[in-house]
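Colleague: Mind looking over this structure? Questions follow.
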Amino acid sequence: MIFRHLLPTLSLIALLSSCEKEIELATKSNKCIVANALITENEPIAIRIFNGVDYIGKKRSELLENANLTVYCNGELLEEINGINSDSSYRTSVVPKFGEIYSIKIDCQHYPTATASATVPNPIQIKVLQPDSVQMFVDIDGYKTYESSGEVVLSVTDTTDELRYYLLTVTGYVKYPGNPDTVKYRMTPVYNNLTAQPASLSDIMTHMFESADVEHVKDKEYILFSNQNWQGKSTTLRFGLYNFSEKDADIYVMAFDEEYYKYFISKELQRNEDEESLMFSEPVSIYSNVKNGLGLFAGYSMATTKLCSVRDTIYEH
Amino acid sequence: MTFKINKYVIILLLLVCGNMTMAQKHTISGVVRDAGSGELLPSANVYLNSGVGTVTNNYGFFAITTTHPEVILNVSYVGYSAYSQTFTTTKDTVVDIKMLSDNQIEEVVVTDNSSQSRLRSSQFNIANITMKEVSQLPTLLGEHDVLKAMQTMPGIGYGADGMTGLYVRGGSPDQNLILLDGAPVYNANHLFGFLSVFNAEAIKSVSVLKGGFPARYGGRLSSVLDIQMKEGNINETHGMASVGLLSSQLAVEGPINEKTSYLLALRRAYFDLIMWPMCKISDIRDGVGKSSAGYHFTDINAKVNHRLDTKSQIFASFYSGIDKFRSKSEFPSGGYDVDDRFRLKWQNQTATLRYNLTLGNKLFMNSSLIYSRYKYFTKSSVRYDYFESDRYEYSSAKSESALQDWAAKTDFDWYPTENHIIKTGIGITRHRFSPEQSAYESGYSRNASSVADTSYGTKKVKSVDLSTYIEDDWTMTKSLKANVGTRLTLFNVEGRTYTSVEPRASLCYLISDNLSVKAAYSKMTQYVHLVSNSSVGLPTDQWLPSTKKIKPESSDQISAGLQYNSPNYEFTAEGFYKKMNNLIEFREGANYMSYQNWEEKLTSGNGRAYGLEFMAKKSSEHTTGWVSYTLSWSNRKFAELNNGECFPFKYDRRHDISIVAMHSFSKKFDISANWNISSGNRVTLPIARFTDLDGEESVAYSKRNEYRMPLFHRLDVNANLNRPKRRGMATWTFGVYNLYARQNPFYIYTDCEKNEWLGDCRYFMKKVSVLTIVPTISYKIKF
């Protein structure tokens, strides 16, 4: 008879015996300098300097306005900057050149001195082949349909013997009735499962899909590839273009080194993390190349070309 | 490679053959069994008055060769009265020794003679625990668990609090070869890892080897957990029935005829029965829709043992365990009905058909056919059925993974002289891996033709594992024993064949009658890997083979130790150093949930673990207990993880102490307690927030596993009240798991508390604890 009450009570206690509680783990203080800059040729170096704060608490990462920035080129002093520009960055008066090594040293009271180095990579050369292969479908009223698509064939020429990474994006322009402004938007370039591709392109794709780091970019608005198998050579890149609109579009190919590549990938991986998955996987830190600090100081160069010859097709419902 | 194989084989043959004396001798051989049940007793200590001795093998067989015409044969086994018989013989003799257990005689002085045999054995690095001890230890929800009992031994750690996973000498759970009657068990977890699949009522013996592996064992880096099921009582029918908070059990064993016995044990958990009324109450309270959810597991252990004649015996054993979780909810929402369902199922099956034959008096053969399968299946579906139209939306996703083994092996134990026991054998295993097979269905009308079905998944992989070994248990002098051997393995997968030569050696030197010193070396190779990045034993963890891309894991371990025995006490101290190569881990950011080829998610690296283990054990008539302490380090180094820097293993516990005590006040009342205290698990924590290159707030994490969770400790207590019944014994068990409600962190997560008014956010860390004070009550009746 006693178990009439005891058993349900014990069962309930067992089921409810889990709990959660806020805890404090003694972690080291992580007050540090955060330096962020992407440098390219013929543009002044503009560095945004913040503070990094301990994860636990309310403090926010804020701009550091009283830092001393020293810039070196190939180890020689180039410039010293005290104070921020109107765009909240520490800006140099000199501009970088391809191939030079630029180093920065940042001093700020109460923070350890942070340093970093970067080089501006040589740009890639690009050219659209078969420019009429992109089709735009419009309905009977002249409006673009969702299925607008096509294939872009791009000749790319690498100009370095070093490992480089490239990020390809396509920007379209659209004019809406009643709106005088042209609206820019990102299109979705994707790899097609094409046959009879040049060997060099196969190499790119093989590298793309063998690398777990970049597998997830398939559905993004960019294509990321490297020159691993065609350093200093030309190759052909084919990709699909969905949701194409109007006739004009710009193709951008950004060249960068491994530092930015690591940042880019880690940023993407951290974006994909959520609370639930953290229980089952190791968290990803945003890559940083700033010694004694956080952030990224890296170089890039941009190549661009227009995709303007498009074969129109009227699609009737 | 050919040179290496030849070298090892020649050295071994020279060692074996060069020391065999060819004088005319006679042999006493036979089996040792329990007098009451007829169960064969493995590892019983058999020795002659001349000092020559051996232990029974896994099937209770022994053979001792002597030149003396008159000898006294002594047999001892823990929990049994010592057996002694004088033989006057000039020819080979076969005996069938029946040991009386302490339950079968009125007065018995229980002395743990097995510790004396361990003192003299070259094999060490072994954790032994008797099933009687397992049945007395405190339990979680009344379930006696051999894996949790093993976690109280030195060198054997646990993962998250309350879980059954074994972390042996810095290794991960997939590095443990878990054998149930010789068949590998790939997922030994029930209840998402809180309980093991092994029903203590069906188990005869269990032991864990942590190092100094004899050549007959292979396939995993860190340990061999050898579990033998009972054969079934050959003399009379007995049974057991129990009711606990979590499950009920029924076990029956007995003779079919004078040569055949059987065992059948069933266990079923009934969380589903508890959850059913809860769901109904919830439905009534909400007044909208219907919901149901349930979880249960079922175990079936069965074994038939048939003695063909005095020299041969055949066994067939079978295990099937299945876990099922399901949830279903039906409710109206707007203009449609929603039907949401989820199912999760995982299943282990093993079967062993074994044939034992004694050839002459000196050769024992064991041939086995083995089958093992692990499978999980999950399906979720949702359906929207619109009230006033034919519109109907349906989508479902299902995923399954499976691993199936077929194996055949033959082992020989040969007792050529009094100083040698040669063990050799050959085995072949065919694995079939089916990882991550998924399918997605969707439809927009009741017309079946509109349903899109997309099946995708990774390729199925078949592999063949061939192994052969030879080892010699060699008594070199009265004080010096050795076990030397080598194992050769070939693993064929995807057209590639990996080979491995694994030398093994262990030495024991008896300094005095009470003190021995031991040392061992072993190389191990592992061709199957568990892909898991959770601390809980999720059924979705996947076993995968070595492939062209993923090389086999291997380890080299050296260990040394001291053992001291005194009446009722046993002290051991052991040290080890283990180097592990080609370990696999998930790449940063990858986890089993991402849809990606499994080979691409993994990266490989190396590891090393080292440490010291101490144990003091007391065994007396009324009190048994032990104190174990492990001081250890376990690190990993992967080129693609933690910037290529060395980092601690997640379960790198610096200190781990277990104190176990069991005391019988009388035959009617006994109590037990287990207190464990250990360093917390390692963890990677978010340490800083900063503005990144894209102007967004990002998180910087510590180095991998840089921090340690708070100290783990927990006290479990148990009391058994035995009441003799007319036809057996009834036992009430009362216990409390985590008596003082210690909130050990199960995992840690971070969160932020937003202040809408101020627009700021307070970041903090939280620990989630489970099993904080869990009372237990169960009732068992034996007949």
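Residue numbers (my numbering), protein chains in the order written: chain A, 1 to 317; chain B, 1001 to 1783. For glycine and all other residues, C-beta sits at the position ideal for the given N, C-alpha and C.
Please name the residue, chosen from 306/A, 305/A, 263/A, that lies closest to residue 298/A on a Cα-to-Cα basis.
Modeller: Considering only alpha carbons, the answer is 263/A.
Colleague: Tell me which residues share the same chain as residue 1492/B and place their Cβ nearer than 7 Å to its Cβ, disregarding the 5 neighbours each side in the sequence.
Modeller: 1463, 1464
Colleague: Between the beta-carbon of residue 40/A and the beta-carbon of residue 301/A, is there less than 7 Å?
Modeller: yes
Colleague: Are the CB atoms of residue 1127/B and residue 55/A within a distance shorter than 7 Å?
Modeller: With contacts defined by Cβ atoms closer than 7 Å, residue 55/A and residue 1127/B do not form a contacting pair.
Colleague: Which residue or residues does DSSP assign as beta-bridge partners of residue 1468/B?
Modeller: DSSP lists 1426/B, 1488/B as partners of residue 1468/B.
Colleague: Assuming residue 1273/B is part of the alpha helix (DSSP H), what are its boundary residues?
Modeller: 1271-1286
Colleague: Where residue 1410/B and residue 1367/B are concerned, what is the direct C-alpha to C-alpha distance, given to the nearest angstrom?
Modeller: 4 Å
Colleague: Do you know offhand how far residue 1755/B's Cα is from residue 1762/B's?
Modeller: 8 Å
Colleague: So residue 102/A and residue 33/A are supposed to be a Cβ contact under 8 Å. How far apart are they, rounded?
Modeller: Actually they do not touch by this definition, with Cβ atoms about 17 Å apart.
Colleague: How would you list, in chain order, the residues of chain A whose beta-carbon sits under 7 Å from the beta-carbon of residue 1522/B?
Modeller: None at all; the shortest Cβ gap to chain A is about 31 Å.
Colleague: Give the secondary structure of residue 1654/B by DSSP, where H, G and I count as helix, E and B as strand, and everything else as coil.
Modeller: Here residue 1654/B carries a coil assignment [DSSP, helix/strand/coil].
Colleague: My guess is that residue 1084/B and residue 1074/B are in contact by the Cβ rule of under 8 Å, so how many angstroms apart are they, rounded?
Modeller: 5 Å
Colleague: With a cut-off of 7 Å, does the C-beta of residue 1682/B fall near any C-beta of chain A?
Modeller: Taking Cβ atoms only, chain A never reaches closer than 7 Å to residue 1682/B, which makes this a no.
Colleague: What are the complete beta strand (DSSP E) segments, minimum 3 residues, inside the segment 1612-1695 of chain B?
Modeller: Those beta strand (DSSP E) runs which fall completely within the segment 1612-1695 of chain B and span 3+ residues are 1623-1638, 1655-1666, 1669-1678, 1686-1691.
Colleague: Please state whether DSSP places residue 1002/B in a helix, a strand or coil.
Modeller: Interpretation of residue 1002/B is limited by its pLDDT of 42, a score under 50 that renders its predicted location unreliable; the figure taken from the coordinates is listed afterwards. Three-state result, residue 1002/B: helix.
Colleague: Taking C-beta pairs closer than 7 Å, name the residues in chain B that residue 113/A reaches, listed in chain order.
Modeller: Within chain B, no residue comes near residue 113/A; the closest Cβ sits about 17 Å away, beyond 7 Å.
Colleague: Tell me, please, whether the CB atom of residue 208/A is closer than 7 Å to any CB atom in chain B?
Modeller: Low per-residue confidence applies at residue 208/A: pLDDT is 35, beneath 50, and the placement is therefore not dependable, though the value from the model is reported in the following sentence. Judged by the 7 Å Cβ criterion, residue 208/A is not in contact with chain B.
Colleague: Check whether the segment 1638-1655 of chain B and the segment 1668-1675 of chain B touch, using three or more Cβ-Cβ pairs below 8 Å as the test.
Modeller: no
Colleague: Would DSSP call residue 1787/B helix, strand or coil?
Modeller: With chain B covering only 1001 through 1783, there is no way to say anything about residue 1787/B.
Colleague: Do you know offhand how far residue 1710/B's Cα is from residue 1685/B's?
Modeller: 13 Å
Colleague: Measure from the C-beta of residue 1284/B to each C-beta in chain A and report whether the shortest distance is under 7 Å.
Modeller: no
Colleague: Starting from residue 1601/B, trace the alpha helix (DSSP H) in both directions and tell me its first and last residue.
Modeller: 1598-1601
Colleague: Looking at C-alpha atoms only, which residue of 1461/B, 1713/B, 1727/B is the closest neighbour of residue 1741/B?
Modeller: 1713/B
Colleague: Any beta-carbon of chain B closer than 7 Å to the one on residue 52/A?
Modeller: yes
Colleague: Report yes if the C-beta distance between residue 1261/B and residue 1227/B is below 7 Å; otherwise report no.
Modeller: no
Colleague: Cβ closer than 9 Å: which chain A residues qualify as neighbours of residue 1163/B?
Modeller: Simply none; closest approach about 14 Å.
Colleague: Is it true that the segment 1275-1286 of chain B meets the segment 1308-1316 of chain B, where meeting means three or more beta-carbon pairs spaced less than 8 Å apart?
Modeller: Verdict: no, contact absent.
Colleague: Can you tell me where the beta strand (DSSP E) holding residue 67/A begins and where it ends?
Modeller: No beta strand (DSSP E) contains residue 67/A, which DSSP labels as neither H nor E.
Colleague: What does a CB cutoff of less than 8 Å around residue 1069/B pick up in its chain, not counting 5 residues either side in sequence?
Modeller: 1088, 1089, 1090
Colleague: Tell me whether the beta-carbon of residue 1613/B lies closer than 7 Å to the beta-carbon of residue 1214/B.
Modeller: no
Colleague: Select from the segment 221-232 of chain A all residues with a C-beta closer than 9 Å to any C-beta belonging to chain B, and list them in chain order.
Modeller: none
Colleague: Identify the residues that DSSP records as bridge partners of residue 1238/B: which are they?
Modeller: 1253/B
Colleague: Can you check the segment 1289-1355 of chain B for any beta strand (DSSP E) of at least 3 residues that lies completely inside it and give the ranges in chain order?
Modeller: 1290-1309, 1312-1333
Colleague: Rank 1405/B, 1778/B, 1637/B by C-alpha distance to the C-alpha of residue 1587/B and give the top, closest one.
Modeller: 1637/B
Colleague: Does the beta carbon of residue 1760/B come closer than 7 Å to any beta carbon on chain A?
Modeller: yes
Colleague: Leaving aside the five residues before and after residue 1634/B along the sequence, list all residues of the same chain whose C-beta is less than 6 Å from its C-beta, in chain order.
Modeller: 1170, 1609, 1649, 1652
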